[in-house]
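Trainee:
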Amino acid sequence: TVENVYPHIDELNIEPTRLAIQRAFEEHIIHAPGMGQIRELVDGPIQPVPGAVLNAAVTLYGKLGDLLVFDVGGATTDLHSVTPGSDEVNSILISPEPLAKRTVEGDLGVYRNAANLMGLAGRENLAAALSGSQLDDLVVPIPETKEEIAFAEALTAKAISAALERHAGRIRYIYGPGGRLKVARGKDLTRVKYVIGTGGALTRLPHGKELLAANLSSRDPAFLGPPAEAKVLIDRHYIMAAAGVLASSHPQAAIALMLKSMDLEGIIDVSETDN
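Positions 1089 to 1363 (the numbering used here) are the ones given, in order, by the sequence shown.
(1) The beta strand (DSSP E) with D1175 in it runs from where to where?
(2) Quick check: V1160 and S1169, are their CB atoms within less than 9 Å of each other?
(3) Assign Q1222 to buried or exposed, taking buried as 16 or more other Cβ atoms, counted over all protein chains shown, within 10 Å of its Cβ.
(4) Quick one: grab the DSSP three-state call for D1131.
(5) Ignore the nearest five residues each way along the sequence and tell me which others in L1218's own chain have a CB closer than 7 Å to its CB.
(6) DSSP three-state call for A1414: helix, strand or coil?
(7) How many angstroms separate the CA atom of P1095 from the CA atom of A1108?
(8) Compare the C-beta of G1197 with all C-beta atoms of chain D and state if any pair is closer than 9 Å.
(9) Let me check understanding here. Comparing Cα to Cα, which of I1182, V1358, A1331 lies closest to V1137?
(10) What does a CB cutoff of less than 7 Å around L1208 pick up in its chain, not counting 5 residues either side in sequence?
(11) Should P1231 go down as buried or exposed, given a rule of 16 or more other Cβ atoms within 10 Å for buried?
(12) Kindly give me the distance between the Cβ atoms of G1274 and A1256, rounded to whole angstroms, as I take these residues to be in contact under 8 Å.
(13) Leaving out five residues before and five after Y1261 in sequence, what residues of the same chain have Cβ atoms less than 8 Å from its Cβ?
(14) May I ask you to report which of helix, strand or coil DSSP gives S1219?
(15) Within 10 angstroms of its Cβ, does V1090 collect 16 or more other Cβ (buried), or is it exposed?
(16) From the DSSP output, in three-state form, read off L1352 for me.
(17) Give me the Cα-Cα distance between A1329 and I1259, rounded to the nearest whole angstrom.
(18) Can you give, in chain order, each stretch of the alpha helix (DSSP H) that sits fully within the stretch 1161-1249 and has at least 4 residues?
(19) Under 7 Å Cβ to Cβ from Q1277, same chain only, skipping five residues before and after it: list those, please.
(20) So what does I1284 bridge to, in DSSP terms?
(21) In whole angstroms, what is the alpha-carbon distance linking I1097 and Y1263?
(22) Drop a sphere of 10 angstroms on the beta-carbon of I1284, count the other beta-carbons inside from all chains shown, and report buried for 16 or more, exposed for fewer.
(23) In this structure, how does DSSP classify I1139 when only helix, strand and coil are distinguished?
(24) Out of curiosity, what's the CA-to-CA distance linking N1204 and T1286?
(25) Taking the beta carbon of G1220 as the centre, do at least 16 other beta carbons fall within 10 Å, making it buried, or is it exposed?
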């Protein structure tokens, strides 16, 4: 048993449940093929990648402040936001949001779910942009040719925008006894200072940073997405998941590795932990 995740009205208590899920994961993952050998090689916890990246994001929040992480991979696209949101939006939220929030989109992987992303982007639009290439022939786990890379980047762009639309909150108007009320539902990202890209797509495709920067806005005026002035960073060494595991025992070392990977080494003082 764990503590109540909603112990009082408008109060969330989700960390005990997250820890319990992590323990259950460790107990059962060793039964997967090959995991028994891995368990023999390591003496620390085995964490799922989304959990490790969230831990990395929370650790980095203590250094950089409000941030949003995009982890775009072949199987899923995961978003991790660590921000309390703005006072203005918090005052009209209809339900509480956690400081650290993760969404895992199992239908937005750029390889396993390429067909779904093609549908979202429009197959005709993609074919026209790629000079009539046979799209299905371009679905490969590791793009190498010019056409394969361009196709993977187009799918990555759609994965970014679709995942953000699902993760971010919205302003809504509802009607009650007193008339029309302005309310907010979902995660407020308007205070985000840094947007970080990790995962195979954003760290290995040649235009990962540009793809991320170009797909952070929305035509929806009610969208509570990151501000235009948020700084875009790329986890060049593709190290956030590993750093998230390391952060459990050596947080300063994990921060140093992540700052170096994001070209912030020497710009941000590792010894300071306030934001």
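Quick reminder that beta carbons are idealized off the backbone N, C-alpha and C, glycines included.
Mentor: The relevant details are as follows:
(1) Counting from 1 along the sequence shown, the entry for residue 1175 is found at position 87. Residue range 1175-1178 is occupied by the alpha helix (DSSP H) that includes D1175, with no beta strand (DSSP E) assigned at that position.
(2) In the sequence shown, residue 1160 corresponds to position 72, counting from 1. In the sequence shown, residue 1169 corresponds to position 81, counting from 1. A distance of 9 Å or more separates the beta carbons of V1160 and S1169.
(3) What you label residue 1222 is simply residue 134 of the sequence shown in a count that begins at 1. By the beta-carbon neighbour count (other beta carbons within 10 angstroms, threshold 16), Q1222 is exposed.
(4) Numbered from 1 along the sequence shown, position 43 holds the residue referred to as residue 1131. Per DSSP, reduced to three states, the secondary structure at D1131 is coil, with no helix or strand assignment.
(5) The count along the sequence shown starts at 1 and reaches residue 1218 at position 130. Result list for L1218: E1235, A1238, F1239, in chain order.
(6) Any question about residue 1414 goes unanswered here, given that the chain covers just 1089 to 1363.
(7) Working through the sequence shown from its first residue, we reach residue 1095 at position 7. Working through the sequence shown from its first residue, we reach residue 1108 at position 20. Near 17 Å, if we compare the C-alpha coordinates of A1108 and P1095.
(8) The structure shown has no chain D; it contains just one protein chain.
(9) Residue mapping note: residue 1137 aligns to position 49 of the sequence shown, counting from 1. Selection I1182, V1358, A1331 evaluated against V1137 yields A1331 as nearest (Cα-Cα).
(10) The count along the sequence shown starts at 1 and reaches residue 1208 at position 120. For L1208, where only same-chain residues beyond five positions count, the Cβ hits under 7 Å are K1246, A1250.
(11) Here residue 1231 refers to the residue found at position 143 when the sequence shown is read from its first residue. Result: buried.
(12) Here residue 1274 refers to the residue found at position 186 when the sequence shown is read from its first residue. Here residue 1256 refers to the residue found at position 168 when the sequence shown is read from its first residue. About 6 Å separates the two Cβ atoms, so the contact holds.
(13) Here residue 1261 is taken as the residue at index 173 of the sequence shown, counted from 1. Once the five neighbours on either side are set aside, the close Cβ partners of Y1261 are R1268, L1269, K1270, V1271.
(14) By 1-based counting over the sequence shown, the position of residue 1219 is 131. Reduced to three states, the DSSP call for S1219 is coil.
(15) For the purposes of this step, residue 1090 is identified with residue 2 of the sequence shown, where counting begins at 1. The C-beta of V1090 has fewer than 16 other C-beta atoms within 10 Å across all chains shown, which makes the residue exposed.
(16) The residue you call residue 1352 lines up with position 264 of the sequence shown. In this structure, L1352 counts as coil in the three-state DSSP scheme.
(17) Within the sequence shown, residue 1329 is the residue found at index 241, counting from 1. Within the sequence shown, residue 1259 is the residue found at index 171, counting from 1. Approximately 33 Å, taken between the alpha carbons.
(18) The stretch 1161-1249 contains these whole alpha helix (DSSP H) runs: 1175-1178, 1202-1209, 1211-1217.
(19) Taking the sequence shown and counting its residues from 1, the one referred to as residue 1277 is at position 189. It is Leu, not Gln, that sits at residue 1277 in the sequence shown. Hits under 7 Å: L1156, S1169, T1171, A1256, L1312, G1313, P1314.
(20) Residue 1284 sits at position 196 when you count from the first residue of the sequence shown. Residue pairing of I1284 in beta bridges, as defined by DSSP: V1157, L1321.
(21) For this step, residue 1097 is matched to residue 9 along the sequence shown. For this step, residue 1263 is matched to residue 175 along the sequence shown. C-alpha of I1097 to C-alpha of Y1263: approximately 22 Å in a straight line.
(22) The sequence position of residue 1284 within the sequence shown is 196, counting from 1. Around the CB of I1284, 16 or more other CB atoms lie within 10 Å, so the residue is classed as buried.
(23) Start at 1 with the first residue of the sequence shown, and residue 1139 comes out as number 51. Sequence inspection shows Gly at residue 1139; the Ile mentioned does not correspond to that position. In the structure shown, G1139 adopts helical secondary structure according to DSSP, grouped into three states.
(24) As a working note, residue 1204 is residue 116 in the sequence shown. As a working note, residue 1286 is residue 198 in the sequence shown. When the Cα atoms are used, N1204 and T1286 turn out to be separated by approximately 21 Å.
(25) Here residue 1220 refers to the residue found at position 132 when the sequence shown is read from its first residue. Here G1220 is exposed, its C-beta having fewer than 16 other C-beta atoms within 10 Å.
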